[in-house]
Every structure is written in C-alpha cells, then in structure tokens.
Amino acid sequence: MDKLSSKELNVRLRIFVFMEYLLFYDIITAESLRKIVLPVLTSTVIENAEEQIKLKAKKLSLIVQCLSKHQLKQSIELN
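Going by full-length UniProt numbering, the letters in the sequence shown line up with residues 1 to 79, in that order.
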C-alpha cells in the first residue's frame, strides 16, 4: 500500500475523531458502533496503514469494546 497523502491522512483521522465525538455526546451508542464500525477498525489496525491511523483506530476500537461491555453489564444489572 502506498503512503497516504497528507490530505487523505487528515480525512481518515477526522473520521475517527468524529466517531469519538458521536460516542462522547451519546449521539450514537457503543453497541451500534460495535456492530457497524468495529470490523473496519480492526482491519485498519491490522493493515498497512499509517501509524497515526493505526493508533486512532486502536484507541477507538478499545473505547467501543469497553463501552459495549459496560452497557451490557448495566442492562444485566437492571434486569
């Protein structure tokens, strides 16, 4: 895979930042992101991406996984 141009790199990083924003302000649930985006994030971490993108994808995937586990625990405790 060729190196990304700085514009492409910025676009990808902004996408990850926007996903964090959606999670932080509860605009989208972690469960929804887990179902929709987690497979893509996991493949991004594995593939030959730029280091900044790998780190951002890994961070976001960990946030989504932890929030999903936390939400699952809360729903079990409520029942």
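We put the beta carbon where it would ideally sit given N, CA and C, even for glycine.
Here the structure is a predicted model, which means the values were calculated and not measured.
Between K58 and L41, the CB-CB gap stays under 9 Å.
Taking 8 Å as the upper bound for CB-CB distance, K56 and F16 are in contact here, some 4 Å apart. Here Q71 has T29, A30 and E31 as same chain residues with Cβ atoms under 8 Å from its own Cβ, once five neighbours each way along the sequence are excluded. Collapsing the DSSP output to three states places E20 in a helix. If one requires a minimum length of 4 residues, the alpha helix (DSSP H) runs lying completely within the region 23–48 are 30–36 and 38–46, in chain order.
For E51, the uninterrupted alpha helix (DSSP H) segment begins and ends at E51 to L78. A straight line joining the alpha-carbon of S5 with that of K73 spans about 42 Å.
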